[in-house]
Amino acid sequence: MTDKGQNTLPADVYLSFVSSLYGNRQTLFVGMISHVITFAFVFAKTSDPFFLLWSAFVVLIWSLRAHGMRRFDRADKTALDMAGIRYWENWYNLGAVGTTFALGTACCYSLVVSRDAFAEIACISVTFGTMVSVVGRNYGSPRTVNYMVLAACLPIAAGFLALQDFYHAVLATLVLPFAMTTRSMANGVRTFLYENVLAARDLATIADRFDAALNNMPHGLFMLDADHRILVANRRACELLHLGSQDRLKDCHLDLVLRYGVRNTFLNLEQSKAILRQLQELLSGDRSRALLQVREGLYLEFTAARRENGGAVLIFEDVTARVRAENKILHMVRYDSLTGLPNRAYFSDLVQDALTERKKPGMVGFMVLDVDDFKHVNDMKGHITGDRLLCAISERLRRLTTDKIVVSHLMGDEFILFFPNEANRRDLEARMRRFHEQLRGTYEFDGMTFLVSFSAGCVMVPSDEFRLDEMQIRADLALFETKSRAKGSVTVFEEEMDARYVDRQKLKEDLREALAADALSVAYQPMFVPDGTSIECCEALARWTHPERGPVAPNVFIQIAEEMGIVSEITRFMINRACADCATWPPHMSVSVNLSVQDLRGTSIIGVVTEALEAAGLAPHRLHLEVTESCLMEEPVKVQAILQELRARGITIAIDDFGTGYSSLSYLDQLPLDVIKIDRSFVRNIGEDARRFKLLRGTVNLSRELGLRIVIEGVETQEQLALINKYHCADLVQGYVFAAPMSPDALRDRYESLARKPGEARRRGRRVA
3 MTDKGQNTLP
13 ADVYLSFVSS
23 LYGNRQTLFV
33 GMISHVITFA
43 FVFAKTSDPF
53 FLLWSAFVVL
63 IWSLRAHGMR
73 RFDRADKTAL
83 DMAGIRYWEN
93 WYNLGAVGTT
103 FALGTACCYS
113 LVVSRDAFAE
123 IACISVTFGT
133 MVSVVGRNYG
143 SPRTVNYMVL
153 AACLPIAAGF
163 LALQDFYHAV
173 LATLVLPFAM
183 TTRSMANGVR
193 TFLYENVLAA
203 RDLATIADRF
213 DAALNNMPHG
223 LFMLDADHRI
233 LVANRRACEL
243 LHLGSQDRLK
253 DCHLDLVLRY
263 GVRNTFLNLE
273 QSKAILRQLQ
283 ELLSGDRSRA
293 LLQVREGLYL
303 EFTAARRENG
313 GAVLIFEDVT
323 ARVRAENKIL
333 HMVRYDSLTG
343 LPNRAYFSDL
353 VQDALTERKK
363 PGMVGFMVLD
373 VDDFKHVNDM
383 KGHITGDRLL
393 CAISERLRRL
403 TTDKIVVSHL
413 MGDEFILFFP
423 NEANRRDLEA
433 RMRRFHEQLR
443 GTYEFDGMTF
453 LVSFSAGCVM
463 VPSDEFRLDE
473 MQIRADLALF
483 ETKSRAKGSV
493 TVFEEEMDAR
503 YVDRQKLKED
513 LREALAADAL
523 SVAYQPMFVP
533 DGTSIECCEA
543 LARWTHPERG
553 PVAPNVFIQI
563 AEEMGIVSEI
573 TRFMINRACA
583 DCATWPPHMS
593 VSVNLSVQDL
603 RGTSIIGVVT
613 EALEAAGLAP
623 HRLHLEVTES
633 CLMEEPVKVQ
643 AILQELRARG
653 ITIAIDDFGT
663 GYSSLSYLDQ
673 LPLDVIKIDR
683 SFVRNIGEDA
693 RRFKLLRGTV
703 NLSRELGLRI
713 VIEGVETQEQ
723 LALINKYHCA
733 DLVQGYVFAA
743 PMSPDALRDR
753 YESLARKPGE
763 ARRRGRRVA
C-alpha cells in the first residue's frame, strides 16, 4: 500500500487507526515515569536545575495527553466525519510531539551545555528507547510518526554537530538511518493492518455475493466434507440431476444423492455403478476430470478440487453441445481437408504411438516427398487440376502404406512418411527406395494422364533416437540435395549435408552483408556488330568476390539471393551501376541488365529504372532490360503490363535465352519486345548439325518478320561466326569469339582501341567472317 496520506483512507479505517493512538495508555504512563526518573538521576548527578525543570515539563505534557484521551473516550465516534477524525489525530500529535521534543532537547542540552557523560548517555538512551516504542504505538498515523521522529532526532543531530568534532559529526549522520528505519517499520505495520482491515470489511460483502453467484452460475456444484457429505449444493446441480430442492441435500451422502438422481435419468444399474466409480476416482485424485453420459443426449463433465480438510468441491456442466461439435470436427482437426491424410500434428501423435508400441529397438525411417514440377501443373492446368492430382497421389499413398507406415500431407506438394522398425539399416533403405519406386508413375483422372516423379529425402536412425523435428530438418537437407543433383530420385541423409547446409547459410549471411556494404562489382560482356568493328551494347553481369572464398560463381550467389528474396536488391544495384557506367560510354553504346522473376512481381521496378536513368542522366533507349521466359510463367498479364509501361518510357525490352522454355514463340507476339537474344543452345554445333542450323535460321527469319533485332549468344568459334555472317543471322553477336566478360576499365580500353583503328577492325572482321 502506497501511503498517500490519511485522507485517502476510507473513514472507518481512518477512525480505527486514530483510535489505536488512544489505546494502550499504560505505556504512556510507564514512559512518563521513566523519563522523570531519568531526568531526576541526571539532576542528582549534575545538580543542573534544567533537568529538574524538564521533569516537571514532561509530567505536564503527560497530564494534558491524559485529559485529551478521556475527552476522546467520551466523544461520539459514529458522528465523526473525516475532519472530526483529523481533529483527534492532531490533538494526539501535539502531546506525542511535545514529549519527543522534550527528550530530544534534553539530549541536545546534555551534549552542548552540560557536557556530563552520564547525562549524555542517560538522555540519549531514554530517548532512543522511547523512539523504539513509536513503531508499536503510533503506526496508525504516518504524520505522528514523522513528527515524533523529527522532534527527537533533529535536536540530537544538532547537538552532535554543535560539538564540531569529526566523530560526533559521524554520530549525527548515523541518526538519519535510525529515523528512516523507525518510520519504515511503522509504515510496514500500518500497511499490514490496513490490508487486514479491508479484507475483513470485504468478507461480508463477498459472502453475500458468493451466495448470489453460486445459485446463478451455469455449472452444477457440490461442496463436500471429508466423508463426502454435501455441505453446499447450488440450484444448477439440482436441475441437471433432477434432485428437487437444494435445501434437503445438506448433510446427505453424495452416493445416495447421485443414485437417486441417476435413477431419475433411467439408467440401468451397471451404468449407475460405472458413473459412481468414475466420480470416486475423480474425488480420490486419480483423474483430473470425468466426462459422463448420464443419459441419451446428455453429457456432463465433472471436475474436482481437493480441500485441505479432506473435502472436495465437485463442479459439473452440460457439455452436450461441445461433445457433438467435437465429434463432428475431430476428423477436420486431425486430417487434411484436401487429401484426407493425417495432418502434421496428428502424424506426430501417430508416430509417437508407433514408437511406444514397438516390441524392441530397431531402425526407423523418415521420408519427405516432393512432387516434381508440380508448379508447372498448376500453371498449365490450373489449381483445381493440381488439387485433384494431389488427391490421386494421396490415394496411392494410402494403398501403399501397409505394415504401420504412417503418411501425412505436409503442405502444398510435400508429403512425409514414417517407416517402423526394420532389422537393419540396409533393409530399411531398400524398403524406402522400393516405396518411392512404387509411388512414381502414371496418374489418370478426369480423362487426363500425368507422368509423375518424386524427389525424396530420407533419414534413418535407431528408434530410441528418433526426434520428429530433427528428422524433418535432416530429411529436408537430403531433399535439397536430391533437387540439386538428381531430381526424381531418393537421397539418404549424411552428416556432410548438414555441414554444407551450414556453409550455405553462412554464405547467405555474407551475401547480405556484401549487399549492405556495396561489395558487389559489375563485369560487362560486349555485343559486337557481326564484323567485329564496334561494340553497340554490353550486358552487365554481377560479380562477387568473397573476402575468404574468393570469386563466387554468379549462378551460385544469384540462386542464393532468389532463395533469400533479395535478388531485387542486386537488380537495383546492377541498374544503378550500369546506367552510371553507360553514361560515360560513347553515345552509340547501350547497356543491358537482366531482370528476375521477383523483379516483375510488382511495379516497383518501374520506379527503380526511372530513378537510375535520372540519376545517371542516361537516355532511356540506351538501357536494355532482359527478361527470360521463366519471368512470364507466374502472372503473364501483370508482367506484360509492366513491360509495356517500361517500353512506353523509351526503354528497350529484350527476351533472353530464347528457345529454352515451353512456348517461346507465343511470347514474340504477346510481349512488347524490341530485341530477341537467341540462346547458345541454337549455336552449338551448327557447323556439323545442319538441322540445328536450319532451326536457327528459321527462328531468325521469324523474328525479322516481327521487326525484332537479333542478338546471338554463345558464339565461341570462328566457324560459327562465319556461318552467322554468311547468312546474315545476327544484328549483334555476343560470345567468347570476340570477348569474354571484362571489367569496366578493360571495356573502356577495348572500345577506345576500336575507335582508333576502324580500318584494321573492319579487315579483321572480314577475315573472321
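Numbered by this note's numbering, the letters in the sequence shown go through residues 3 to 771 in order. Glycine included, every Cβ here is placed at the ideal spot set by N, Cα and C. On a predicted model such as this, the values are computed, not experimentally measured, just so you know.
- Just so you know, the alpha carbons of residue 402 and residue 437 end up roughly 7 Å apart.
- Put simply, the stretch 224-233 touches the stretch 306-315. At least three CB pairs are less than 8 Å apart.
- The distance from the Cβ of residue 481 to that of residue 455 is about 13 Å, inconsistent with a contact at the 8 Å cut-off.
- In the DSSP assignment, residue 679 falls within the unbroken beta strand (DSSP E) covering 677-680.
- The residue among 183, 577, 150 and 671 with its C-alpha nearest the C-alpha of residue 99 is 150.
- Taking one beta carbon from each stretch, the stretch 112-122 and the stretch 33-53 have 3 or more pairs nearer than 8 Å; the two touch.
- For residue 302, the beta-bridge partners assigned by DSSP are 294 and 320.
- With a cutoff of 8 Å on beta-carbon distance, residue 614 and residue 524 are scored as not near each other.
- The beta carbon of residue 369 is closer than 6 Å to those of 419, 434, 458 and 460 in its chain, skipping five residues each way along the sequence.
- According to the DSSP assignment, residue 388 belongs to the alpha helix (DSSP H) that extends over 385-402.
- The beta-bridge partner set that DSSP reports for residue 697 is empty.
- Taking a contact to require three or more Cβ pairs closer than 8 Å, the stretch 601-609 and the stretch 622-641 qualify as touching.
- With fewer than 16 other beta carbons inside 10 angstroms of its own, residue 567 counts as exposed.
- Per DSSP, the continuous alpha helix (DSSP H) segment holding residue 107 begins and ends at 84-111.
- In the three-state reduction of the DSSP assignment, residue 29 falls in the helix class.
- Looking at 575, 416 and 213, the one whose alpha-carbon comes closest to that of residue 617 is 575.
- Between residue 61 and residue 32, the C-beta gap is not smaller than 8 Å, which leaves the two residues out of contact.
- Beyond the five residues adjoining it in sequence on each side, residue 231 comes within less than 6 Å, by CB distance, of 253 and 255 in the same chain, given in chain order.
- The closest CA to that of residue 552, considering only 96, 521, 132 and 89, is found on 521.
- The Cβ atoms of residue 360 and residue 426 do not sit closer than 8 Å to each other.
- Spatial neighbours of residue 399 in its own chain (CB-CB distance under 6 Å, excluding positions within 5 residues in sequence) are listed in chain order as 409.
- Between the beta-carbon of residue 392 and that of residue 444 there is about 16 Å, and that puts the pair past the 8 Å contact cut.
- DSSP lists 628 as the beta-bridge partner residues of residue 596.
- Within the same chain, 306 and 314 come within 6 Å of residue 285 by CB-CB distance, once the 5 residues on both sides are set aside.
- Residue 528 is a Cβ neighbour of residue 741, given a cutoff of 8 Å.
- Restricting attention to 713, 507 and 700, the CA atom closest to the CA of residue 675 is found in 713.
- Secondary structure at residue 729: coil, using DSSP grouped into helix, strand and coil.
- Assignment of residue 685 by DSSP, reduced to helix, strand and coil, places it in the coil class.
- The beta strand (DSSP E) runs of length 3 or more contained entirely in the stretch 507-560 are, from start to end of the chain, 523-530, 537-548 and 552-554.
- Per DSSP, the continuous beta strand (DSSP E) segment holding residue 444 begins and ends at 443-447.
- For the pair residue 157 and residue 110, the CB atoms are nearer than the 8 Å cut-off.
- Contact between the stretch 527-541 and the stretch 718-733 is present: three or more C-beta pairs spanning the two stretches fall below 8 Å.
- For residue 459, the beta-bridge partners assigned by DSSP are 370 and 493.
- Counting along the chain, the unbroken alpha helix (DSSP H) around residue 71 starts and ends at 51-76.
- Annotation: the continuous beta strand (DSSP E) that includes residue 422 extends over 416-424.
- Nearest in C-alpha terms to residue 578, of all of 627, 34 and 758, is 627.
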